[in-house]
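**Student:** This is the structure, below, for whatever I ask next.
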Amino acid sequence: MTPTALHLALIGDYNPDVIAHQAIPVALQQAADTLGVRVHAQWLDTQTLTSTTALQGFDGFWCVPASPYRDTDGALRAIRFAREQGRPFLGTCGGFQHAVLEYARNVLGWIDAEHGELAPHAERAVITPLSCSLVEVSDTLRLAAHTRIAQAYGHLDIHEGYHCRYGINPAFAAALLAGNLIPSGHDAAGELRALELRDHPFFVATLFQPERAALKGITPPLALALLKACQELSA
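Sequential numbering of the sequence shown, starting at 49, is according to this note's numbering.
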C-alpha cells in the first residue's frame, strides 16, 4: 500500500549555500521514513505569497532560517494563515522571529510592530539584536514541562546549534508572552529560545536550528513532531 503523502510548505527564499536550507529537506525525509509516510516539501519564495490561495493545499508549514526575507509581508501572510487555520507550523531562527512579529501585529494589534533588522529605530521593534550573537555556536537548553516541544524531545534538557543574531526584545517580552504565546525553552543563561501557541494543534518556534542534526544522520525531533501533527490533522 502506498504511504500517505504529506504536503509541507517551506516559507522562505531558498539559498543552496545556507546550511539550514540544505538540512531541512533531509530532516523531513528522515522523519517521513521514520513514520512510514511520503512527504512532498515545496519551497515558497516570500515574494510569491501575495494571497493565501497558494497555501490552501498544504498540510503544514515550516518558516525557515535566512532572513531578512525578500518579502516580509509574504512570510507574515503564510504564518498568519497557519496560525488562524490551525495548520501545523514550525518556525526556526528567522521563522521564530517572524512568528513573533506576526503575533504582535495580528493578535496583539500592534500594527507598528517591526523587526529590528529592517527597522532598527522603530519604537516598537519586537525583534532586536541579541545581547550575545549566536552565530555558529551551540548551547544547552531547558524545556518547559508539558509543552509540545518537550513532548517532541522526550526530555527537558537538550543541546542545539544556532546561527542567529536577533531575538525577542526584552522590553516587550512580558506583553508578548502574557496570553496564548508561551515560553517553552530557555538557554543556560535563562534567555528565551523557544515558544509555542497554547491554543493551536502545533505551533512551535525556536531560535535555534534543530534541522542541522539531520546532516549528522540524526532525525530532528521537531521535524518528526511536525509531520506527526500533520498526520493527525489529515487523518
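Yeah, the Cβ is synthetic: ideal placement off N, Cα and C, and Gly gets one too. No experiment lies behind these values; they were computed from the predicted model shown.
For the stretch 202–211 and the stretch 170–187, state whether three or more C-beta atom pairs, one from each stretch, are separated by less than 8 Å.
**Tutor:** With the cut-off at 8 Å, the stretch 202–211 and the stretch 170–187 touch.
**Student:** Using a Cβ distance threshold of 8 Å, determine whether the stretch 149–157 contacts the stretch 176–185, with at least three qualifying pairs required.
**Tutor:** The answer is no - the stretch 176–185 does not touch the stretch 149–157, with fewer than three Cβ pairs under 8 Å.
**Student:** Tell me, please, whether the stretch 246–266 touches the stretch 193–208 by the rule of three or more beta-carbon pairs shorter than 8 Å.
**Tutor:** With the cut-off at 8 Å, the stretch 246–266 and the stretch 193–208 touch.
**Student:** Beta strand (DSSP E) containing Ala242: first to last residue?
**Tutor:** Leu240 to Leu245 is the extent of the beta strand (DSSP E) around Ala242.
**Student:** Does the count of Cβ pairs from the stretch 130–147 and the stretch 104–121 closer than 8 Å reach three?
**Tutor:** The answer is yes - the stretch 104–121 touches the stretch 130–147, with three or more Cβ pairs under 8 Å.
**Student:** So, is Arg118 buried or exposed, given that buried needs 16 or more other C-beta atoms within 10 angstroms?
**Tutor:** Exposed, by the Cβ-count rule.
**Student:** My output table needs one value for Val174: the three-state DSSP class, helix, strand or coil.
**Tutor:** Note: Val174 maps to strand in three-state DSSP.
**Student:** What's the C-alpha gap between Pro116 and Pro64?
**Tutor:** Pro116 and Pro64: Cα-Cα distance of roughly 16 Å.
**Student:** Would a C-beta distance cut-off of 8 Å place Pro168 and Tyr214 closer than the cut-off?
**Tutor:** In this structure, Tyr214 does not lie closer than 8 Å to Pro168 by Cβ.
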